[in-house]
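Undergrad: In my numbering, the protein residues as written are 50 to 198.
Beta carbons: idealized from backbone N, C-alpha and C, even for Gly.
Supplied in structure tokens, the structure appears directly below.
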């Protein structure tokens, strides 16, 4: 993991790599949730675990390296967008924690269609979070001078 004193480009490179893991997990969950019947339990559990680990790694990198760096280095005009992203990230992870608590394996088995709808909702939230991150956070880390709107 890149630390808070590493160059911003290192933070962005690691964030992009982590985002690839998150995207792969999201695609795998989307594929599984599109199945009309409950998939193999072991395969679903493994996919859920991989996706969860990628999301946790993303949050740790954002909280441990990206946000501290941006809070210390971004100009005043960027601070509201940084804090809005932090809040969006918090809201996403709170919703994800509720999703995980609501859907242990036994509940998934009992209500596959409900779980599929919940996964779809979480993936929409994740996509929106990613759009904001790419628009507001990546340019700041890249040092392009682009500022969030």
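#1: The ligand SAH and residue 127: does the residue's C-beta get closer than 8 Å to at least one heavy atom of that ligand?
#2: For residue 143, report the span of its alpha helix (DSSP H) as first-last.
#3: Can you tell which of 184, 191 and 152 has the C-alpha that lies nearest to the C-alpha of residue 94?
#4: Count the C-beta pairs between the stretch 104-113 and the stretch 64-82 that are closer than 8 Å, then say yes if the count reaches three, no if not.
#5: Compare the C-beta of residue 191 against all C-beta atoms of chain D and say whether one is closer than 9 Å.
#6: CA-CA distance, residue 103 and residue 128?
#7: Going by CA-CA distance only, name the one from 85, 115 and 148 that's closest to residue 101.
#8: So, under 8 Å CB-CB, residue 141 and residue 184 are touching, yes? Tell me the CB distance rounded to an integer number of Å.
#9: For residue 116 versus residue 178, is the C-beta spacing smaller than 9 Å?
#10: Which of the three DSSP states, helix, strand or coil, is assigned to residue 121?
#11: Measuring CB to CB, does residue 6 end up less than 9 Å from residue 81?
#12: Please report the Cβ distance between residue 60 and residue 121, rounded to the nearest whole angstrom; I am assuming they are in contact, meaning their Cβ atoms lie under 8 Å.
#13: Following the continuous alpha helix (DSSP H) through residue 93, name the residue where it begins and the one where it ends.
TA: If we stick to the structure as given:
#1: Although the ligand SAH was asked about, the structure shown includes no ligands whatsoever.
#2: 128-151
#3: 152
#4: yes
#5: No chain D is present in this structure, which holds just one protein chain.
#6: 26 Å
#7: 148
#8: Not a contact, Cβ separation roughly 15 Å.
#9: no
#10: helix
#11: In the structure as shown, the chain begins at 50 and stops at 198. Residue 6 is therefore absent and cannot be evaluated.
#12: Not a contact, Cβ separation roughly 12 Å.
#13: 90-110
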